Structure formats: C-alpha cells, structure tokens
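In case it helps, numbering that gives the first Met the number 0 puts the sequence shown at residues 0 to 501.
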Amino acid sequence: MMEHENERMSYSFEPSDESSGAQGYHQTSYDPNYNQNEHKNPKKKNGVGGRMVALLVAVALVASIGGSALTTVINNISRKNEEANAKAKETMSAQTVEPAQDDSQDTATENSSYSLEKSALPKSLSSNDTGKSLTPKEVYAMNVNATVGIATQITTNVWGQVASASASGSGFILTSDGYVVTNNHVVEGATSVTVKLYNGDEYDAEVVGTDEMNDVALLKIDATGLQAVTIGDSDQIEVGEEVIAIGNPLGELTFTMTAGVVSALDREINTDGKPINMLQTDVAINSGNSGGALFDMNGNVIGITSAKYSGSTSSGASIEGISFAIPINDALRVVYDLQQYGHVTGRAYLGVTVKDLDSTTASTYGLPTGPMIQSVEEGGCAEKAGLQQGDIIIGFNGAEISSYTDLVAALNKCHSGDTATIKVFRGGAEVDATITLDERPTDEEVASQQQAAQDQQQSQNGQSGSGSGSNGSSGSNGSGGYSYGYGNVNPFEYFQIPGFGN
0 MMEHENERMS YSFEPSDESS GAQGYHQTSY DPNYNQNEHK NPKKKNGVGG
50 RMVALLVAVA LVASIGGSAL TTVINNISRK NEEANAKAKE TMSAQTVEPA
100 QDDSQDTATE NSSYSLEKSA LPKSLSSNDT GKSLTPKEVY AMNVNATVGI
150 ATQITTNVWG QVASASASGS GFILTSDGYV VTNNHVVEGA TSVTVKLYNG
200 DEYDAEVVGT DEMNDVALLK IDATGLQAVT IGDSDQIEVG EEVIAIGNPL
250 GELTFTMTAG VVSALDREIN TDGKPINMLQ TDVAINSGNS GGALFDMNGN
300 VIGITSAKYS GSTSSGASIE GISFAIPIND ALRVVYDLQQ YGHVTGRAYL
350 GVTVKDLDST TASTYGLPTG PMIQSVEEGG CAEKAGLQQG DIIIGFNGAE
400 ISSYTDLVAA LNKCHSGDTA TIKVFRGGAE VDATITLDER PTDEEVASQQ
450 QAAQDQQQSQ NGQSGSGSGS NGSSGSNGSG GYSYGYGNVN PFEYFQIPGF
500 GN
C-alpha cells in the first residue's frame, strides 16, 4: 500500500471515545515533491510516508521516507499529465477557449526589488464566461498553470528540543504579478514559505497577511507575467452544479484534478470553535488539497478547498464524499483587507469573555444554558450597553443562543457599527439590551486585552476563593470552557468573543 506524508496541521472534532464513532472535520495540507531548480534555492526531493494524524489545536510534524520506485511512478504520472495538458490546450485553442490571464503586467518595472507594496490588488478581477459549459478536461487545461504547491518550514520546540520540519499545501495565483491565495492553516507558524508553479519554477514567498477566523492567507512572490485564475460568483452557485478541484493530494500526486458536484450551500462548519460558512461538495479532498481552488464549469474559482468530514459511524460504516470549500466571495473580502491593512477590518466585536454554562450546571442551579459573561471590557460596547459579569446570553437579534458557537455565528452576520439586541438572563429574569457593536481589534490587541481580563478574573477568584459570578449566578470553574485560538487558560479556560463580520 502506498503511504503518504502526514499533514502539518489538521483541525478535528472527533469523539474522545473512538469506538463510539470516530469522525470529524479535517483540514489538511501537503508537502509537494519538489524538483531541483537551478535558478532557485534547491529543495531536497524526497519520497514521503506516514498517515494523517488529526489533532485539536495542535501541530503534527512527521519526518518520513519513501522509495525510489514511487518517485519513478510519480515522475511518469507528472510527465503524462504535462503531455495530456498540452494536447488539451491544443484542442481548446481550436474551440476558442482561452486560458485565464490577468493583463495587469504593467506593474513590473525593470530591476525593481521585491516589495510587498509593489502593487495593490486590482479593483476588480476578471471572470470567464464562455457561453457554454466546459468539460472537466477543458477546465483543467485552462487553469492548471494558475495553481500552485506551497511548502513551508516550521521550527518547533518540544520539551526544549528544537527541530525543523517541512509542511505544505495547495494554492492558486490571483494576479499575474504574484499574489497567491491559500488557507491560513497551510502557512500558520511557518518560518519560510516556498511556492512551486506547474512548470517547476519555485519562488520564496512572503506572507502578506493571514486570517485565522476564515482560514484564508494571502502570499506574494516576486514574479510577473503569471497566469492567474478567473473569479466566479459563489453567491450564484446552486446545488447540483458540477465542480472540479485542482490540488496536491497525498504529498506526491501534484496538480491532481478531482470532480464532483455542489452538495449543499451555507454549511456552518465548526473548526476549532470557529464556525465558517462553507460550500459542501462530494469532490474528493485528501491530505494535500488545503488551499486549492474549486472551479465551476466556466473555469472560474468559486471556492477554496479547506476541509473534509471523515471517519466512521458508530456502526462502523465509513463516511465518504463530504468535503467543504470556503466560498470565494467570502474569501476575497478577507484577501483585499489583508493586502491593504494586513488584517480584516469591520468585524463586529462584543468585548466580553464568556464561558459556556453546561446543561448539568444549569439544571442544578435552575439557570438557562448559554455563554455566561466572565468579564466585560472596560469602555467597550458591552459595558456601555449595561452587560454585566454573570449575565447569561440567551438571545441575539432574535436568534436563540445556547452556546458560545451560537453567539459567534450570530456575530458573524454583523459588522462593526451595527446595532443589535442581546437578551440575557440576570437575577432570575430576562433582560434585553441594545448594543452598538465595536470593531474587532487586531489579534495582538485582542490577546493583550484577553490576558488582562484573565489576570483580573484570576485575581478576583484568588481573593474570594470562589468562582461565583455576580447577581447570584453560578460562575462554576469546572471543565467545558474554550479558548479561541489564543491558548487555554487554566483553571477557567475562558475565551474571547471576537465576532466575524464579512
């Protein structure tokens, strides 16, 4: 059996008791089998082995080896793919179907040095409308040169042992002057990033910006005249439409096409406590496809392949054919902010730390289930609206709230400056509060504010010796708290509510 390299990082929500049904969402990444290029820094070419490991908020780093026979097979496959692609292009040329190109090559100047500020993203991106539905073969030939492999280097320190490891994923070229889009989890924590084109050229890349909440990252390479993808309208996609993905599954089979249909729209997929709106497809997505492009039958990108649902049911039946992609309309809103500001602007921000009140605790004290406010940011919108420590949030803009995830999903539909109505349970009664939502600060500012709130809460608990909240509401410090991408805080494990905003 051919084995493949383990992904660097995957988010999984699998039951702790695997015998009762091991299943979960996985976000995967791949290490391409790079060829040596005399004009770029040479990359060692290795066969790789291992199998995917799913971890919760953790990084999996696996060193592995492979045989020369596998490398020979892969090289033969690659050569045949190139020959097939050349023939497909000739056929498409006769049909007047042109490869997607970006005409903005005038941004390059002679002897110019590489800079992240070399050019802004174009105000609009081209879309391809052939007037007919293309075949998967035609879509592949149109776009394979606009897809890339992404390799990263990561340095880890485990129990004082420092080690360097490789990890990677897929991506696609957004503009002809070198902007590349991929998933955040593909490049998160990387000390170096390398982009490999279909023609074998390799470029060192800089990370322009990343967004953990929507799992999107924007890279820049020092290149011009590249073939870029065309962009579709993911809001117009309907269930049943054919789609294809181009990516790098298993760490060896680079620039592979898989095909399927759109299975469902607006799936709220919860990865590491962050609900993200995604398209559901039955396209085969494996370790290595993360960050790759999902195309419609006009040859336009309509999504970023990001996750799959895998495992088995309690009866032992395997789960197949369930994969997810971030809609390109959502991703581009993030990408443009990353290029201009380095972070996403306009996100709604509540300015509180909360802890889910589980059903057992709630039943014991006669309280509703929901996120209970542990601290309120001084001077923030929550304080101005009168929210207090110990309030249990049970409603937001008319939607029932029974968990932290519900609250984040509700905030995801809002922008900073929006006015919202929050229903809380306080002192045995329901109270409505009107709040004008703040704009979410940068990750660094949020982490600093969160740490200050945690220090204050722990100091108060140390003085009182109790986890009781205000107004007689229980502030139980038992298990069940969450962290929102900033690390667990023991013993209370509070998390910040950042909101999303589109």
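Where is the CB? At the ideal position from N, CA and C, for every residue including glycine. Just so we're clear, the structure is a prediction, and the values are computed from it rather than from any experiment.
Candidates the options, of which the one nearest residue i by Cα
{"i": "T352", "options": "A451, E187, V147", "result": "A451"}
{"i": "G320", "options": "V260, K219, Y178", "result": "V260"}
{"i": "G378", "options": "G168, Q387, P370", "result": "Q387"}
{"i": "D208", "options": "T280, A140, Y340, Q373", "result": "According to the sequence displayed, residue 208 carries Gly and not Asp. It is Y340."}
{"i": "G427", "options": "L366, D442, T255, S132", "result": "L366"}
{"i": "S305", "options": "V143, S314, F323", "result": "F323"}
{"i": "D265", "options": "I421, K412, T418, D210", "result": "K412"}
{"i": "K307", "options": "G369, G385, N288, E211", "result": "N288"}
{"i": "Q503", "options": "G290, D176, S262", "result": "A question about residue 503 goes unanswered here, because the residues of the chain that appear run from 0 up to 501."}
{"i": "I393", "options": "C380, G369, S374, L410", "result": "G369"}
{"i": "V282", "options": "P135, D355, T270", "result": "P135"}
{"i": "H414", "options": "L436, V423, L249", "result": "L436"}
{"i": "S132", "options": "G298, G310, G397", "result": "G298"}
{"i": "E429", "options": "S458, G231, D390", "result": "D390"}
{"i": "R439", "options": "H342, T154, I149, T363", "result": "H342"}
{"i": "A258", "options": "R425, V423, I284", "result": "I284"}
{"i": "A244", "options": "G302, G224, E187, S233", "result": "G302"}
{"i": "T433", "options": "E251, I421, E443", "result": "I421"}
{"i": "V147", "options": "A222, T253, S165", "result": "T253"}
{"i": "L124", "options": "V300, Q160, D221", "result": "V300"}
Residue i - containing alpha helix (DSSP H), residue span
{"i": "N328", "result": "327-340"}
{"i": "N142", "result": "135-142"}
{"i": "N183", "result": "183-186"}
Burial state of residue i, where buried means 16 or more other Cβ atoms lie within 10 Å
{"i": "Q226", "result": "buried"}
{"i": "S317", "result": "exposed"}
{"i": "D431", "result": "exposed"}
{"i": "I496", "result": "Low confidence applies to I496: its pLDDT is 43, below 50, so where it sits in the model is not reliable enough to give any reading."}
{"i": "K219", "result": "buried"}
{"i": "N182", "result": "buried"}
{"i": "G130", "result": "exposed"}
{"i": "N276", "result": "buried"}
{"i": "A162", "result": "exposed"}
{"i": "K195", "result": "buried"}
{"i": "T270", "result": "buried"}
{"i": "V138", "result": "buried"}
{"i": "Q373", "result": "buried"}
{"i": "K273", "result": "buried"}
{"i": "N156", "result": "exposed"}
{"i": "N247", "result": "buried"}
{"i": "S358", "result": "exposed"}
{"i": "I149", "result": "buried"}
{"i": "A292", "result": "buried"}
{"i": "Y364", "result": "exposed"}
{"i": "T154", "result": "exposed"}
{"i": "K122", "result": "exposed"}
{"i": "D232", "result": "exposed"}
{"i": "A93", "result": "Note on A93: pLDDT 40, under 50, position unreliable in the model; no value is reported."}
{"i": "E251", "result": "buried"}
Rounded distance between the beta-carbons of residue j and residue i, thought under 8 Å
{"i": "A189", "j": "Q152", "result": "6 Å"}
{"i": "E237", "j": "M296", "result": "With 8 Å as the limit, E237 and M296 do not qualify as a contact, their Cβ atoms being about 12 Å apart."}
{"i": "L337", "j": "L217", "result": "5 Å"}
{"i": "V185", "j": "V206", "result": "Incorrect: roughly 10 Å between the Cβ atoms, too far for contact."}
{"i": "F395", "j": "A419", "result": "6 Å"}
{"i": "S118", "j": "D176", "result": "5 Å"}
{"i": "V215", "j": "V334", "result": "6 Å"}
{"i": "G170", "j": "V180", "result": "6 Å"}
{"i": "N213", "j": "A330", "result": "7 Å"}
{"i": "Y178", "j": "N144", "result": "Not confirmed; about 16 Å, so no contact."}
{"i": "G397", "j": "E376", "result": "25 Å between Cβ atoms; not a contact."}
Extent of the continuous beta strand (DSSP E) to which residue i belongs
{"i": "A150", "result": "146-157"}
{"i": "P274", "result": "273-280"}
{"i": "A283", "result": "A283 -> no beta strand (DSSP E), and no H or E assigned at all."}
{"i": "N507", "result": "The structure shown does not extend to residue 507, since the chain is modelled only from 0 to 501, so the question has no answer here."}
{"i": "T190", "result": "Looking at the DSSP string, T190 is not in any beta strand (DSSP E), and its letter there is neither H nor E."}
{"i": "I172", "result": "160-172"}
{"i": "A292", "result": "292-294"}
{"i": "D431", "result": "428-435"}
Chain E within 8 Å of residue i, Cβ atoms only
{"i": "A227", "result": "Considering every chain present, this structure includes no chain E. It has just one protein chain."}
What alpha helix (DSSP H) runs, 4 residues minimum, are completely inside the segment 352-426? 358-364, 380-383, 403-410
Where in the segment 204-269 do unbroken runs of the beta strand (DSSP E), each at least 3 residues long, occur, reported from the N-terminal end onward? 215-220, 241-246
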